[in-house]
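J.: Just dropping this structure here.
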Amino acid sequence: MKIFIDSADLEEIKKYLKMGLCQGVTTNPTICLKCGVKGGIEGVKKRTIEIADLIYPYPVSAEVTSDKVEEIIKQAREYSKWADNVAIKVTITDREGKSLLPAIYQLTKEGISINVTAMTTFNQAILAARALKSARDETRRKPRYSFISIFGGRISEEQGVERAFKVIKSVREWLDLHKFEGIEIIVGSVRSPENVEYWARTGAHILTIPPHVLLKCFLGARTKETVLQFLTDAQKAMKELEEK
Ligand code: E4P
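By our numbering, the letter at position 173 of the sequence shown is numbered 176, and the numbering carries on one by one without gaps.
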């Protein structure tokens with residue numbers, strides 16, 4: 004299972020790269036804003052390119068800002084030129100619930116890496132996977148990445164963590180059963196270390212984790228106390244050894 008950093012903060016990304024805990028990054032305009040990106044789309048472009056360079060060859064996802072098929076296609080074609088490890092996030096439907104698979108299918112056939120996002124059901128995820136696979140099979144310009152993002156946290160808020168677990172696990176089983184290679188599940192909206200612990204066992208290919216959640220994952224109930232005890236004991240033991 005890979006770990007993506009759900010952030011546009013360069014320092015945080017560098018920190019986890021140095022630990023071997025960053026195999027990709029996911030962003031959206033809200034995340035960019037929180038991470039101090041300024042200057043509208045030019046600012047987002049600049050930051051995305053910086054992240055893409057920093058983590059290459061790992062992917063960074065950048066999100067389109069429209070739910071209209073034509074505008075999505077236009078923006079995605081533009082964003083995909085920023086770097087060849089940029090994946091374009093497109094929501095599974097528009098705000099009315101109308102499918103955006105026409106844009107997703109078309110862009111994938113053009114060789115553009117798409118991250119189908121904001122999904123909360125099994126059906127959405129398998130339909131997205133089917134559209135991505137059809138496009139990948141039908142084109143000579145195979146995209147570098149094709150992701151399906153299931154928002155665990157948002158499922159949990161409505162239907163509990165168990166339901167989120169079942170949805171993610173069933174989608175993974177379905178992908179394997181039908182040998183849908185090249186399509187990877189990202190679990191998004193991870194809110195807590197408990198979410199990490201639970202959803203890491205679904206078989207999802209990737210968990211995208213915000214830095215503040217990842218930081219808490221290093222902590223264990225008695226670890227700090229144990230380290231202090233080891234250090235104190237080691238000092239005592241070394242002193243005694245020197246005296247012998
Ligand atoms: C994932 O790709 C998204 O960036 C992120 O996890 C969104 O989660 P949220 O909007 O539910 O917090």
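Glycine is no exception: its CB is placed at the ideal position from the N, C-alpha and C atoms.
List in chain order: all unbroken beta strand (DSSP E) runs of 3+ residues lying wholly within the region 196-223.
T.: Runs found: 209-212.
J.: Is VAL170 helix, strand or coil when you go by DSSP?
T.: Along the sequence shown, read from residue 1 onward, the residue named residue 170 stands at position 167. DSSP places VAL170 in helix when its eight states are reduced to three.
J.: Does ligand 1 have even one heavy atom less than 7 Å from the beta-carbon of THR211?
T.: Taking the first residue of the sequence shown as 1, we reach residue 211 at position 208. Because some heavy atom of ligand 1 lies under 7 Å away, the Cβ of THR211 counts as near it: yes.
J.: What residues in its chain sit with their C-beta under 6 Å from that of PRO214, if we drop five residues either side in the sequence?
T.: Sequence index remark: in the sequence shown, residue 214 carries index 211 (1-based). Counting only Cβ-Cβ distances below 6 Å, and skipping sequence neighbours, we find SER10 and GLU15.
J.: Taking 7 Å as the cut-off, is the beta-carbon of GLY27 closer than that to any non-hydrogen atom of ligand 1?
T.: Here residue 27 refers to the residue found at position 24 when the sequence shown is read from its first residue. False, no ligand heavy atom lies under 7 Å from that Cβ.
J.: Quick one: grab the DSSP three-state call for ALA11.
T.: Walking along the sequence shown from the start, residue 11 turns up at place 8. Note: ALA11 maps to coil in three-state DSSP.
J.: Could you give the DSSP three-state label for ASN126: helix, strand or coil?
T.: As a working note, residue 126 is residue 123 in the sequence shown. Three-state DSSP puts ASN126 in a helix.
J.: For VAL67, which option in ILE6, LEU103 and LYS41 has the closest C-alpha, if you only look at C-alpha atoms?
T.: In the sequence shown, residue 67 corresponds to position 64, counting from 1. Here the closest residue by C-alpha is LEU103.
J.: Determine the closest residue to ARG50 out of THR229, TYR82 and GLU200, with distance taken between C-alpha atoms.
T.: Residue mapping note: residue 50 aligns to position 47 of the sequence shown, counting from 1. For ARG50, the nearest C-alpha among the options comes from TYR82.
J.: Could you please give the first and the last residue of the uninterrupted beta strand (DSSP E) stretch that includes ILE153?
T.: Walking along the sequence shown from the start, residue 153 turns up at place 150. 149-154 is the extent of the beta strand (DSSP E) around ILE153.
J.: Under 8 Å between the Cβ atoms of LYS112 and GLU74?
T.: As a working note, residue 112 is residue 109 in the sequence shown. As a working note, residue 74 is residue 71 in the sequence shown. Not in contact: LYS112 and GLU74 (Cβ atoms no closer than 8 Å).
J.: Who are GLY191's beta bridge partners in DSSP?
T.: Translated into the one-based positions of the sequence shown, residue 191 becomes position 188. Paired residues: PHE154.
J.: What are the start and end residues of the beta strand (DSSP E) that includes ALA65?
T.: Position 62 of the sequence shown, counting from 1, holds the residue named residue 65. Per DSSP, ALA65 belongs to the beta strand (DSSP E) from 63-66.
J.: Run through the region 62-147 for me and flag every whole alpha helix (DSSP H) of 4 or more residues, listed as ranges in chain order.
T.: Within the region 62-147, the complete alpha helix (DSSP H) runs of at least 4 residues are 72-82, 104-112 and 125-141.
J.: THR111: beta carbon under 7 Å from a heavy atom of ligand 1?
T.: Working through the sequence shown from its first residue, we reach residue 111 at position 108. No; taking the cut-off as 7 Å, the Cβ of THR111 has no heavy atom of ligand 1 nearer than that.
J.: Report the CB separation of PHE7 from ILE189 in whole angstroms; it is logged as a contact under 8 Å.
T.: As a working mapping, residue 7 is identified with position 4 in the sequence shown. As a working mapping, residue 189 is identified with position 186 in the sequence shown. Sure, about 7 Å apart at Cβ, within 8 Å.
J.: At what residues does the alpha helix (DSSP H) containing LYS37 begin and finish?
T.: The count along the sequence shown starts at 1 and reaches residue 37 at position 34. 32-37 is the extent of the alpha helix (DSSP H) around LYS37.
J.: Does ligand 1 have even one heavy atom less than 7 Å from the beta-carbon of GLY191?
T.: Against the sequence shown, residue 191 aligns to sequence position 188. Yes, the Cβ of GLY191 comes within 7 Å of a heavy atom of ligand 1.
J.: Do you know offhand how far ARG139's Cα is from GLY23's?
T.: Position 136 of the sequence shown holds residue 139. Position 20 of the sequence shown holds residue 23. Rounded to whole angstroms, ARG139 to GLY23 spans 30 Å at the Cα level.
J.: What are the boundary residues of the alpha helix (DSSP H) that LYS247 is part of?
T.: Within the sequence shown, numbered from 1, the residue matching residue 247 stands at position 244. First-last for LYS247: undefined, no H or E at that position.
J.: So what's LYS239 in DSSP terms, helix, strand or just coil?
T.: The sequence position of residue 239 within the sequence shown is 236, counting from 1. Helix.
J.: Under the three-state reduction of DSSP, which class applies to VAL28: helix, strand or coil?
T.: As a working note, residue 28 is residue 25 in the sequence shown. Strand.
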